[in-house]
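One structure is given below, encoded as C-alpha cells.
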C-alpha cells in the first residue's frame, strides 16, 4: 500500500495534465517545432510546458489537485483487490496442488503454464480488479472533477467529503458511478488481451523457438562453468517477463478509447466548465460519447503527451 501511494503521488502531475488534455483544454497556442522525423510541424504543448503553465497559475502545489481522493482510491483498491483475490482462491477457484493425488483419467503431462491455468488466473484477476474498480470508482470521479476545476477556476469539489455530499445532492447515487461501464469494459479487455497474447507468445514463439535452437543432444551441456539448462531457463524467464510488459503496453494502447470515454463521462454535465461546451456537448450515454469522438477523430486524444501535432481541420479551445 505504501509503495502504491508513493507511485500515486509521483504520477499525480502526469495524470493531471493527461486529464486536462483528454477533456480538450489547451491553455497554450501551438508552436512550430519538429517531429521525430525532423519535419517542421505545428505542435500543441507537451507535458512539461503544460505542467509549467499549471504551476504558474496555481503554484507547484496546484499540480497535486485531486491527490487526496486518488490516494484513497489507490489504498482501498489495493486492499479490496487482495481480499477478493484471496477469497476467490480459497473459495474453490484455485488450481489443484501438484502434490495432491491425481484423479482417474487426469493426465500428469499437462504443463504448469497450460492454457487452463492462464484462463483460471485471468478469471480470478478479472473478478478482483472489477471489484476494486467498482468500490473505488466514486473516488475516481471526485479525482477527475477536482482536476477539471482548473479550467473554469471553480471550487465546487474542494474536499473529498464535501464532494461526496455535492454529488449525492445533485446527481444521486448514480452520480458516483458516472463512466463506470466503459472503465470496467476497458480493464477487462486489457487484462484478457495482455494475458492471452503473452500466453501465445510464451508458448508458441519463445518456448518452441528455444527448443528449435537448442535441441537436446545427450548429456549435460556447460557454458562458462554453468549448466546450459540453467542459462536457458534464466533466459526464458527474462524473455517471458519482457513479453508480458510488451503485451501489456499493446493492450493498453488498444483499449485506451475506453479510458478516454470513461473520464469524459465522469465529468460531463456535472456543473463544471470542463464538462460543458465548448469542451464537450452533453452526452446522452457513453456510447453517444464514443460515437462523437469517433466521428471527430479524437479517440486517441491525450494518449500521448509528447510530439502532439495539431491535426488538420481540428478545432481546439485555448486561452
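Residue numbers (the working numbering): 1 to 319. Don't be surprised by glycine CBs; every beta carbon is placed ideally from N, CA and C. Every value quoted in this text rests on a predicted model; they were computed, and no experiment measured them.
Cβ separation of residue i and residue j, assumed to be a contact under 8 angstroms, to the nearest whole Å
| i | j | result |
| --- | --- | --- |
| residue 12 | residue 64 | 5 angstroms |
| residue 170 | residue 271 | 7 angstroms |
| residue 188 | residue 252 | Contact doesn't hold; Cβ gap of about 13 angstroms is too wide. |
| residue 255 | residue 190 | 4 angstroms |
| residue 338 | residue 257 | In the structure as shown, the chain begins at 1 and stops at 319. Residue 338 is therefore absent and cannot be evaluated. |
| residue 302 | residue 21 | 4 angstroms |
| residue 280 | residue 46 | About 23 angstroms; that fails the 8 angstroms criterion. |
| residue 53 | residue 14 | 15 angstroms between Cβ atoms; not a contact. |
| residue 202 | residue 243 | 6 angstroms |
| residue 17 | residue 51 | 6 angstroms |
| residue 62 | residue 55 | 6 angstroms |
Segment limits, alpha helix (DSSP H) that includes residue i
| i | result |
| --- | --- |
| residue 57 | 47-58 |
| residue 261 | 256-267 |
| residue 168 | 160-171 |
| residue 152 | 115-152 |
| residue 76 | 67-88 |
| residue 14 | 2-23 |
| residue 293 | 286-296 |
Spatial neighbours of residue i in its chain, beta-carbon cut-off 8 angstroms, leaving aside the 5 residues before and after
| i | result |
| --- | --- |
| residue 218 | In this predicted model, residue 218 has a pLDDT of only 47, less than 50, meaning its place in the structure is not dependable; the value taken from the coordinates is given anyway. Once the five neighbours on either side are set aside, residue 218 has no close Cβ partner at all. |
| residue 7 | none |
| residue 138 | 164, 167, 176 and 177 |
| residue 34 | 40 and 41 |
Run of the beta strand (DSSP E) containing residue i, from where it starts to where it stops
| i | result |
| --- | --- |
| residue 34 | 31-34 |
| residue 185 | Segment 180-201 is the alpha helix (DSSP H) holding residue 185; no beta strand (DSSP E) there. |
| residue 41 | 40-44 |
Close-in-space but distant-in-sequence residues of the same chain around residue i (CB under 6 angstroms, 5 per side omitted)
| i | result |
| --- | --- |
| residue 293 | 299 |
| residue 97 | Note that residue 97 scores 48 on pLDDT, short of 50, meaning its location in the model is unreliable; the coordinates nonetheless yield the value given after this. Here the set comprises nothing. |
| residue 248 | 194 |
| residue 3 | none |
| residue 111 | The predicted position of residue 111 is uncertain, since its pLDDT is 44 and thus under 50; a value taken from the coordinates is nonetheless stated next. For residue 111, where only same-chain residues beyond five positions count, there are no Cβ hits under 6 angstroms. |
| residue 260 | 22 |
| residue 197 | 247 |
| residue 186 | 255, 258 and 259 |
Contacts around residue i, its chain only, beta-carbon distance under 7 angstroms, and the 5 residues preceding and following it disregarded
| i | result |
| --- | --- |
| residue 157 | 142, 145, 146, 149, 163 and 166 |
| residue 152 | 272, 273 and 274 |
| residue 74 | 4, 5 and 8 |
| residue 107 | The pLDDT assigned to residue 107 is 43, lower than 50, so where the model puts this residue is not dependable, and the model offers no usable value. |
| residue 95 | Here the model assigns residue 95 a pLDDT of 48, short of 50, so the residue's position is not dependable and the matter cannot be decided. |
Heavy atom of the ligand NAD within 7 angstroms of residue i beta-carbon
| i | result |
| --- | --- |
| residue 156 | The ligand NAD is absent from the structure shown, which contains no ligands of any kind. |
TODO: Count the CB pairs spanning the segment 156-169 and the segment 74-89 that are closer than 8 angstroms, and state whether there are at least three.
DONE: With a cut-off of 8 angstroms, the segment 74-89 and the segment 156-169 do not count as touching, because too few Cβ pairs lie within range.
Task: Contact between the segment 132-139 and the segment 174-187 (3+ Cβ pairs under 8 angstroms) - done: Judged by pairs of C-beta atoms under 8 angstroms, the segment 132-139 touches the segment 174-187, as three or more such pairs exist.
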